[in-house]
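Here is the structure we will look at, set down as structure tokens.
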Amino acid sequence: ASPLLSGSRSSKTFKPKKNIPEGSHQYELLKHAEATLGSGNLRQAVMLPEGEDLNEWIAVNTVDFFNQINMLYGTITEFCTESSCPVMSAGPRYEYHWADGTNIKKPIKCSAPKYIDYLMTWVQDQLDDETLFPSKIGECSPVPWDSPSWLSHALIPACPCLPGVPFPKNFMSVAKTILKRLFRVYAHIYHQHFDSVMRLQEEAHLNTSFKHFIFFVQEFSLIDRRELAPLHELIEKLGSKDR
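The opening residue of the sequence shown carries number 1 in UniProt numbering; numbering runs sequentially from there.
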């Protein structure tokens, strides 16, 4: 689990945790992210490590944010019900209607638990899609000795292998949509369930996780400012502490 949540009261998750294969390059990147987070400097921790691929860095962190939000929402699901939250909102001014463009094309009004179930299932499907989030990117797969390309690879003795599966051209737009939607879960928790979070003494986990998330999306301009409006004041406050 992410170190941000390792001390959490509950290990209950809303959806199954998305694991990054141990021993893979992405796993090493995740370990690097966790180690730099431990330094306490979040602005520095979110920066692209030298020599690393931007898409892969965004992919690894997106999986981590999904797991964090999954766990945070998992701790308050008993308080987020059809009756307590009949619409998916972030305060009185912001209401969200669900559409995924495939199964549900026209936005539908639904309760917060239903919306978040749709949202997290949709994110999970994207993360599990190897064509969108290839787990083999940056991995080496050995080149067969009788392959026509072996000779050119053999000229570089350190790496007689084929490159891994590349990220698709639409990766960045999909990642942006995922992060935009994950933000809505944070916004709902803060606006509608912060009292429950405080009663459970989970506010430090929520605040640290959200600060990490916001610094990351700001670093790479991944969410439009208008989408962040429901938590504008909190974002300003978190940012001002680091200036």
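Note that beta-carbon positions come from the ideal geometry of N, C-alpha and C, so glycine has one too.
Under 8 Å: do the segment 94 to 106 and the segment 75 to 86 share three or more Cβ pairs, one atom per stretch?
no
Nearest-angstrom Cα separation, counted from residue 166 out to residue 14
Counting from one through the sequence shown, the residue named residue 14 turns up at place 14. Counting from one through the sequence shown, the residue named residue 166 turns up at place 166. Each residue's Cα considered, the two are about 30 Å apart.
Go ahead and label residue 195 buried or exposed: buried means 16 or more other beta carbons lie within 10 angstroms of its beta carbon, across all protein chains shown.
In the sequence shown, counting from the first residue as 1, residue 195 sits at position 195. Answer is exposed; the Cβ neighbour count stays below 16.
Would the segment 201 to 216 and the segment 62 to 72 be scored as touching if the rule is three or more Cβ pairs under 8 Å?
yes
How many angstroms separate the CA atom of residue 202 from the CA atom of residue 79?
Residue 202 sits at position 202 when you count from the first residue of the sequence shown. Residue 79 sits at position 79 when you count from the first residue of the sequence shown. The alpha-carbon atoms of residue 202 and residue 79 are separated by roughly 14 Å.
Compute the Euclidean distance between the alpha carbons of residue 91 and residue 191, then round it to the nearest angstrom.
Taking the sequence shown and counting its residues from 1, the one referred to as residue 91 is at position 91. Taking the sequence shown and counting its residues from 1, the one referred to as residue 191 is at position 191. Going by the C-alpha atoms only, they are around 5 Å apart.
Identity of the residues DSSP links to residue 89 by a beta bridge
Locating residue 89 in the sequence shown gives position 89, counting from the first residue. 95, per the DSSP bridge assignment.
What separation, rounded to the nearest whole angstrom, lies between the Cα atoms of residue 175 and residue 26?
For the purposes of this step, residue 175 is identified with residue 175 of the sequence shown, where counting begins at 1. For the purposes of this step, residue 26 is identified with residue 26 of the sequence shown, where counting begins at 1. Residue 175 and residue 26: Cα-Cα distance of roughly 16 Å.
Does the beta-carbon of residue 134 have 16 or more other beta-carbons within 10 angstroms, so that it is buried, or is it exposed?
The residue labelled residue 134 in the question sits at position 134 within the sequence shown. It counts as buried.
Alpha helix (DSSP H) containing residue 253: first to last residue?
Nothing in the structure corresponds to residue 253, since the chain is present only between 1 and 243.
For the alpha helix (DSSP H) holding residue 111, just list the boundary residues, first then last.
Against the sequence shown, residue 111 aligns to sequence position 111. From DSSP, residue 111 is part of no alpha helix (DSSP H); its letter is neither H nor E.
Can you have a look at residue 170 and say buried or exposed, based on whether 16 or more other CB atoms are within 10 angstroms of its CB?
Working through the sequence shown from its first residue, we reach residue 170 at position 170. Exposed, since its Cβ has fewer than 16 Cβ neighbours within 10 Å.
Cβ-Cβ distance between residue 94 and residue 88 below 7 Å
Within the sequence shown, the letter at position 94 stands for residue 94. Within the sequence shown, the letter at position 88 stands for residue 88. Not in contact: residue 94 and residue 88 (Cβ atoms no closer than 7 Å).
Should residue 230 go down as buried or exposed, given a rule of 16 or more other Cβ atoms within 10 Å for buried?
Numbered from 1 along the sequence shown, position 230 holds the residue referred to as residue 230. With 16 or more Cβ atoms within 10 Å of its Cβ, residue 230 is classed as buried.
Please list, in chain order, all residues of the same chain as residue 30 whose beta carbon is under 7 Å from its beta carbon, the five residues on each side excluded.
For this step, residue 30 is matched to residue 30 along the sequence shown. For residue 30, where only same-chain residues beyond five positions count, the Cβ hits under 7 Å are 20, 60, 64.
Assuming the contact rule is C-beta atoms closer than 8 Å, residue 182 and residue 69 should be a hit. Round their C-beta distance to whole Å, please.
Here the question's residue 182 lines up with position 182 in the sequence shown. Here the question's residue 69 lines up with position 69 in the sequence shown. About 5 Å; that satisfies the 8 Å criterion.
Straight-line gap, residue 72 to residue 206 (C-alpha atoms, nearest Å)
Here residue 72 refers to the residue found at position 72 when the sequence shown is read from its first residue. Here residue 206 refers to the residue found at position 206 when the sequence shown is read from its first residue. The straight-line gap from Cα to Cα measures roughly 7 Å.
Does DSSP put residue 211 in a helix, a strand or coil?
Residue numbering aside, residue 211 sits at position 211 when the sequence shown is read from its first letter. Residue 211 falls in the helix class under three-state DSSP.
So, helix, strand or coil for residue 271, using DSSP?
The structure shown does not extend to residue 271, since the chain is modelled only from 1 to 243, so the question has no answer here.
Can you tell me whether residue 65 is helix, strand or coil according to DSSP?
Walking along the sequence shown from the start, residue 65 turns up at place 65. Residue state, collapsed to three classes: helix.
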